[in-house]
Amino acid sequence: MKITDPAGRMLHGRVGNMIYYSYNGKTYARRVSVTGEKKRSPRSEKQRASSERFYAMQMLYKWFREKVSPDIWRLAAKRAGMMPHNLFHRANHGCIDGEGRMADPMGFRFSDGELLLPWEIAVESLGDGRFRASWVEERDGVTAAATDRLLVGVLYDTSPMSARLVPGVSGTRGDGQGEFTLDPGQGQAAHVYLFFEREDGTAYSPSRCFRVTW
């Protein structure tokens, strides 16, 4: 601190986080940030929504990797030259709203990969939570083999952020149809995601979503 006035009324210099200076015969002070001090400013609504969406996507991918499959998005990401969580985020972040909730389950991509989906995929109810899927397939090759297995993912309306695989699904691509049963303890509505897995588990197809009730 430097006293610039013999009477001591005008100061010049820094004391703590305050800087004193004179201008036109008057003394002024302004605050400066201290080393290590974090600047805090209110987050905008857009920033808050972005944070909620990002956190929800992280939790959704973590759940998917642990409860559904560690391989589906890993294999797709390897083919795309990306990290698995980044590809999953890019594919699905638009389905999550600013509150971190599933806002667009029809647009959610449960699976991705190099296998092709069959044509004319359809789902019909057989009653009591049982469903039959059917499709048309004329191809038989590396990206569409008759031995590819039908898999079904599901987001129940009662837990729309808890992706899971439906157990006991029957049917291969060459069969032209397969059946699956949903959990009656999870309400009476869900979004199901039909996709195919190569027989040796080394590749998957993109998914096709259907809204079902029972």
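Using our numbering, you'd call the opening residue of the sequence shown number 195 and step up by one each time. Quick reminder that beta carbons are idealized off the backbone N, C-alpha and C, glycines included. This structure is a prediction, so every number in the text was calculated from the model and none was measured.
Straight-line Cα distance separating residue j from residue i
i    : j    : result
A223 : S216 : 9 Å
G294 : F302 : 14 Å
G370 : R273 : 28 Å
Y398 : D322 : 29 Å
D291 : S319 : 31 Å
L254 : H283 : 9 Å
V346 : Y387 : 5 Å
A316 : K256 : 30 Å
M212 : R225 : 5 Å
E314 : R242 : 42 Å
W329 : M251 : 32 Å
H385 : P378 : 14 Å
E332 : M277 : 34 Å
E308 : A270 : 7 Å
R324 : S244 : 39 Å
Candidates the options: closest to residue i by CA position
i    : options                   : result
S305 : W313, F374 and V348       : V348
D262 : E246, R358 and A243       : Here the sequence assigns Val to residue 262, which means Asp is not the residue at that position. The shortest C-alpha separation from V262 is found at R358.
V360 : V330, P299, G292 and F389 : F389
F248 : N280, M276 and S238       : N280
G381 : S245, S353 and L345       : S353
T396 : W408, C403 and T337       : T337
C403 : R324, L311 and F258       : L311
A340 : R324, M355, S356 and R367 : R367
Y350 : W408, K240 and T221       : W408
Own chain partners of residue i with C-beta closer than 6 Å, once the 5 adjacent residues on each side are dropped
i    : result
E373 : R326 and S364
Assigned secondary structure, residue i (DSSP; H/G/I helix, E/B strand, else coil)
i    : result
E260 : helix
A338 : coil
E393 : coil
A357 : coil
M253 : helix
V406 : strand
L345 : strand
Cβ of residue i within 8 Å of any chain B Cβ
i    : result
G301 : Among the protein chains of the structure shown there is no chain B, as only one such chain exists.
Those residues which DSSP pairs with residue i across a bridge
i    : result
M296 : I290
Residues near residue i by beta carbon distance below 8 Å, same chain, minus five either side
i    : result
G288 : D298 and G301
Closer than 7 Å: residue i CB and nearest the ligand ZN heavy atom
i    : result
A327 : As presented, the structure is devoid of all ligands, the ligand ZN included, so that no description of it is given.
7 Å CB neighbourhood of residue i in its chain, flanking five on each side removed
i    : result
S401 : R303, F304, S305, G347, Y387, L388 and F389
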